[in-house]
Amino acid sequence: MDQFKKTIHITGVETTPHGPKFTYEFNTYDVSKNPDDNLYIQVNQSLFKDKKYEPKANDKIYFFPGCNIPRFKLKEYCSKHKVAPVKFKIRANVVIMGPESYKDLFVLKRDARISWDTFSKFVEDMFPLGDPRTLQLKHDMKDVNENFQYVSVSDDIFEDLTSNTTPFGVMINIPLDENSNPVGYDSHFIQVKDEASYDILKEITAPNSKYFGQDDILIGLNTGVIMDQEIYETIKDSFNSPDVENHKVAMAFMANVDYRESAVYIMLLIREFGNKIYNVKNKDHVNFKSMLTYFGVPILHLNLNDIIDSLLKKKLLTRANLNLILPFVRDEMTATLRYTHLFCEQISFSQAVLDALKEDDEQNPPEEITAGFVKQTVEELSEKVVPLGEPNFNL
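Listed below in structure tokens is the structure:
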């Protein structure tokens, strides 16, 4: 449970003749969160990042409330792997968690989180030496260790504590980082609801736990047709048709291809035809929603950076997949620049992309970066990565 950090939550602050007085609660927990991820993606990656479900004959599977696996596909899956779904968790040796399975375990709060080191420093600044409130606070927090290292406060209280226009902020000398936030400040986390919820999460994350995310089941349900360039163009024609029935057929096909092998083409179609997909009622069909959940992408305003993020999270950013994306990157950059005499002929990659390509090289025969860009090795590309905003005259 290293990803869950025991946290003190400041619930109130009031003015006293001797300075601010806190009210607080203990024994809450939180988990770091990527601000761009929804709850399911965040928790699923945190709990099941290195855990994969591989069906074994006679497995009895309980689908936790909140799964959105298409049940009409399960019969063939269960028959193929000789497993069976059960109605009661106590009878299962495998429990599958879905996108809504976690909603009762967490509280989504817009809180700020401050490291204990920073908080303890301005507690010392706020209160005179020996102040009984300081002693009580330190007594309450005497078991602080690597798993109990944060203080969280609501946005309103955080503003009171840090603004120099409030009675509290004037009194406190808080060390700030380069972004003018308190050192150790973090607003990207979600809070475990209570101790009972934490106990459930401990069960989920225990060694040899029987809990798994639903992604591996989804992949197992969709191992048939692999979308290639020809099929991709055919589906584009369907979306370009004025007949909404053709749009429905295209969406049904997208939701039934092999997710992993067709990942780039699926997301490129969502990127280009998101507005049309959004207006089709079938977007709420469990099959299509499961596909969106797997990739963790929105229907509207999906961009190329989002696609690469999704591929990185699913460990699908291979050279072959990157080659499918780069022509769109080049065209988008060219269209954005709109220059007559300047053209984009080369691009640099983030370290995350370079690391993914290096891992792909170790597992598969190297494939050169093509699609109109200069062909380079990962080592050559890494030398050309430049900070955002710094001109790269080698483009």
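Residue numbers (our numbering): 2 to 396.
By construction, the Cβ of each residue, glycine as well, lies at the ideal position given by its N, Cα and C atoms.
Residues 265 of the same chain have their beta carbon placed closer than 6 angstroms to that of residue 325, with the five preceding and five following residues left out of the count. Around the C-beta of residue 54, 16 or more other C-beta atoms lie within 10 Å, and the residue is accordingly described as buried.
Among the bridge pairs identified by DSSP, residue 26 is matched with 10. In the structure shown, residue 114 falls within a strand segment according to DSSP collapsed to helix, strand and coil. Between residue 78 and residue 293 the beta-carbon gap is near 20 angstroms, outside 8 angstroms, which marks them as no contact. As computed with DSSP, residue 98 is found in a beta bridge with 214. Taking 4 residues as the minimum length, the alpha helix (DSSP H) runs contained wholly in the stretch 272–356 are 287–296, 305–314 and 320–338, in order along the chain. Excluding residues up to 5 positions away in sequence, 312 and 357 lie with their Cβ nearer than 6 angstroms to the Cβ of residue 318 in the same chain. For secondary structure counted as the alpha helix (DSSP H) over 4 or more consecutive residues, the stretch 220–281 holds these complete runs in sequence order: 230–241, 245–255 and 264–279.
When DSSP states are grouped into helix, strand and coil, residue 90 belongs to the helix group. Residue 300 and residue 270 do not touch by the CB rule: their CB atoms are close to 11 angstroms apart, not below 8 angstroms. The DSSP-derived three-state label of residue 199 is helix. Around the beta-carbon of residue 344, fewer than 16 other beta-carbon atoms lie within 10 Å, marking it exposed.
Beta-bridge partners of residue 62 (DSSP): 86 and 95. Two segments are said to touch when three or more pairs of C-beta atoms, one from each, lie closer than 8 angstroms; by this definition the stretch 320–338 does not touch the stretch 282–296. Burial of residue 214 is indicated by the presence of at least 16 other C-beta atoms within 10 angstroms of its C-beta. The beta-bridge partner set that DSSP reports for residue 103 is empty.
Taking a C-beta distance under 8 angstroms as the contact criterion, residue 259 and residue 218 do not qualify as a contact pair. In the DSSP assignment, the residues bridged to residue 15 are 22. Contact check for residue 87 against residue 211 fails: the beta carbons are separated by 8 angstroms or more. Shown here, residue 54 sits in coil according to DSSP, grouped into three states, outside any helix or strand.
With 16 or more other Cβ atoms inside 10 Å of its own Cβ, residue 102 counts as buried.
Beyond the five residues adjoining it in sequence on each side, residue 49 comes within less than 7 angstroms, by CB distance, of 213 and 214 in the same chain, given in chain order. For the 8 angstroms CB-CB criterion, residue 152 and residue 107 do not form a contact. Of all alpha-carbon atoms in 244, 302 and 234, the one lying nearest the alpha-carbon of residue 275 is that of 302. Setting aside the 5 residues that flank it on each side, residue 353 is surrounded in the same chain by 313, each with a C-beta closer than 7 angstroms to its C-beta; the list follows chain order. Exclusion of the five residues before and after residue 99 leaves 67, 68, 69 and 215 as the residues of its chain whose Cβ lies within less than 6 angstroms of its Cβ. By the Cβ neighbour-count rule, residue 285 is exposed, with fewer than 16 other Cβ atoms within 10 Å of its own.
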